[in-house]
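S.K.: This is the structure I have questions about; it appears just below.
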Amino acid sequence: MKHQDLGTAHTGFHDWYWQRISAVVLLFSIPVLMGILLLTYNGNISFNQLNTWLTHPISKAASILFLFALLTHVWTGLKVIIEDYVHTTAARVILLNILLLLLAGFAAYMSYHIWAELTYTWGCIPCEGK
Amino acid sequence: MIQEMKQPPLSPRLSIYKWRLTMFASIAHRASGIFLVLVMPLLFWLLLSMAHGKTTYAFGLYWLQGSFGTLILWLTCVALFYHMANGIRFLLLDIGKTDSREAMKLSAKIVVFSSIIFALVLAIKI
Chain A
114 MKHQDLGTAH
124 TGFHDWYWQR
134 ISAVVLLFSI
144 PVLMGILLLT
154 YNGNISFNQL
164 NTWLTHPISK
174 AASILFLFAL
184 LTHVWTGLKV
194 IIEDYVHTTA
204 ARVILLNILL
214 LLLAGFAAYM
224 SYHIWAELTY
234 TWGCIPCEGK
Chain B
99 MIQEMKQPPL
109 SPRLSIYKWR
119 LTMFASIAHR
129 ASGIFLVLVM
139 PLLFWLLLSM
149 AHGKTTYAFG
159 LYWLQGSFGT
169 LILWLTCVAL
179 FYHMANGIRF
189 LLLDIGKTDS
199 REAMKLSAKI
209 VVFSSIIFAL
219 VLAIKI
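So the sequence lines, in the order shown, correspond to chains A and B. Each residue of the first sequence is one higher than the one before, starting from 114 at the first, in my numbering. Each residue of the second sequence is one higher than the one before, starting from 99 at the first, in my numbering.
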């Protein structure tokens with residue numbers, strides 16, 4: 114059910130809609146991810162298994178889908194919180210722009226990492242000896 | 099009176115309401131959301147890094163199994179469980195399944211208490 118009064122930017126419905134869509138994607142992907150992380154933590158997944166699973170093209174595509182769902186959800190969620198609690202327009206706009214830049218930066222960095230494994234030689238904190 | 103009309107009330111106005119479980123559930127959804135924003139991208143990055151290098155894997159495992167890493171993992175799992183359970187509650191509300199006041203009170207109780215049980219069980223198991 115779409116409302117007719119969409120506000121001045123005519124995008125009133127978008128945030129609400131995409132927040133729900135990303136929520137459903139995360140609802141299915143996060144348990145898998147946390148399951149893998151917890152099993153690794155318990156010592157049930159060796160490096161070779163983890164490497165085989167997460168470098169497979171299917172899991173790379175899934176990682177990209179998860180990444181963008183996560184960042185969409187972060188954006189729509191934090192936007193609502195900032196719009197609710199930051200009452201000075203200038204501060205609100207600046208905060209939202211900083212947030213958007215950070216999220217876009219993280220998305221670019223992670224997308225590049227997921228697909229170009231070579232960057233792991235310099236992109237991680239304890240780097241591989243290359 | 100006129101002065102009050104000129105200045106519309108702004109959120110957060112927590113002090114004027116009586117605390118209720120449904121209100122707590124709603125605020126905890128935001129609070130856990132903010133915590134997860136800080137932690138989830140890091141954990142995702144950590145997991146992918148661990149999958150791509152033996153040294154990173156060893157470092158990640160060492161960090162996760164330390165007391166701080168375990169605490170973060172426990173907190174994240176609890177926050178995720180709560181945020182997901184309450185998120186499902188909100189999605190059900192959106193499709194009109196739990197519209198009534200009684201249903202919202204009951205579902206808030208279910209979500210909060212199942213999260214507490216989950217947190218305790220995970221604290222023992224982890």
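Note that CB positions come from ideal geometry on N, CA and C, so glycine has one too. Quantities reported herein were computed from a predicted structural model and do not represent experimental measurements.
Under the assumption that Leu119/B contacts Lys195/B (Cβ atoms under 8 Å), give the Cβ distance between them as a whole number of angstroms.
M.R.: Residue numbering aside, residue 119/B sits at position 21 when the second sequence is read from its first letter. Residue numbering aside, residue 195/B sits at position 97 when the second sequence is read from its first letter. In fact, because the Cβ distance is near 19 Å, the residues do not count as touching under 8 Å.
S.K.: Checking 7 Å against the spacing of the C-beta atoms, do Thr182/A and Ser135/A come in under that value?
M.R.: Looking up residue 182/A in the first sequence gives position 69. Looking up residue 135/A in the first sequence gives position 22. Residue identity check: residue 182/A is Ala in the sequence provided, not Thr. Yes, the pair counts as a contact, with Cβ atoms nearer than the cut-off.
S.K.: Could one say the Cβ of Phe160/A lies closer than 7 Å to chain B's Cβ atoms, at least one of them?
M.R.: The residue given as residue 160/A occupies position 47 in the first sequence. Yes - at least one Cβ of chain B is within 7 Å of the one on Phe160/A.
S.K.: By DSSP, does Cys128/A sit in helix, in strand, or in coil?
M.R.: Here residue 128/A is taken as the residue at index 15 of the first sequence, counted from 1. Before going on, a small fix: residue 128/A reads as Asp here, not Cys. Three-state result, Asp128/A: helix.
S.K.: What does Tyr130/A touch in chain B if you count any residue whose Cβ is under 7 Å from its own?
M.R.: Against the first sequence, residue 130/A aligns to sequence position 17. Those do not exist, as Tyr130/A stays about 10 Å from chain B at its closest Cβ, beyond 7 Å.
S.K.: What did DSSP end up calling Leu195/B once you bin it into helix, strand or coil?
M.R.: Position 97 of the second sequence holds residue 195/B. Note on identity: in this sequence residue 195/B is Lys, with Leu being the wrong assignment. The answer is coil: DSSP assigns Lys195/B none of H, G, I, E or B.
S.K.: Suppose contacts are defined by Cβ-Cβ distances below 7 Å. Is Leu209/A in contact with Ile194/A by that definition?
M.R.: Within the first sequence, numbered from 1, the residue matching residue 209/A stands at position 96. Within the first sequence, numbered from 1, the residue matching residue 194/A stands at position 81. Against a cut-off of 7 Å, the Cβ pair of Ile194/A and Leu209/A comes out as no contact.
S.K.: Please decide whether Tyr160/B counts as near chain A, where near means a Cβ-Cβ distance under 7 Å.
M.R.: For the purposes of this step, residue 160/B is taken as the residue at position 62 of the second sequence. Not an interface residue.
S.K.: When DSSP labels each residue in this structure, what does Ile158/A get in the three-state scheme?
M.R.: One-based indexing of the first sequence puts residue 158/A at position 45. In the structure shown, Ile158/A sits in coil (DSSP, three-state: anything other than H, G, I, E or B).
S.K.: Which residues, in order along the region 121-152 of chain B, keep a beta-carbon less than 9 Å from a beta-carbon of chain A?
M.R.: Per Cβ criterion, the list reads Arg128, Gly131, Ile132, Leu134, Val135, Met138, Pro139, Leu141, Phe142, Trp143, Leu144, Leu145, Leu146, Ser147, Met148, Ala149, His150, Gly151, Lys152.
S.K.: Along chain B, which residues have their Cβ under 8 Å away from the Cβ of Arg244/A?
M.R.: Nothing can be reported for residue 244/A: it is not among the residues displayed for chain A, which extend from 114 to 243.
S.K.: Within a Cβ cutoff of 7 Å, which residues of the same chain sit near Lys173/A, ignoring the five residues on either side of it in sequence?
M.R.: Within the first sequence, residue 173/A is the residue found at index 60, counting from 1. Closer than 7 Å at Cβ, skipping near neighbours: Ile227, Trp228.
S.K.: Between Pro139/B and Phe126/A, how many whole angstroms is the CB-CB distance? I'm expecting something under 8 Å.
M.R.: Locating residue 139/B in the second sequence gives position 41, counting from the first residue. Locating residue 126/A in the first sequence gives position 13, counting from the first residue. Contact flag wrong, Cβ pair sits at about 27 Å.
S.K.: Compute the distance between the beta-carbons of Ser213/B and Phe179/B, then report whether it is under 7 Å.
M.R.: Taking the first residue of the second sequence as 1, we reach residue 213/B at position 115. Taking the first residue of the second sequence as 1, we reach residue 179/B at position 81. Against a cut-off of 7 Å, the Cβ pair of Phe179/B and Ser213/B comes out as a contact.
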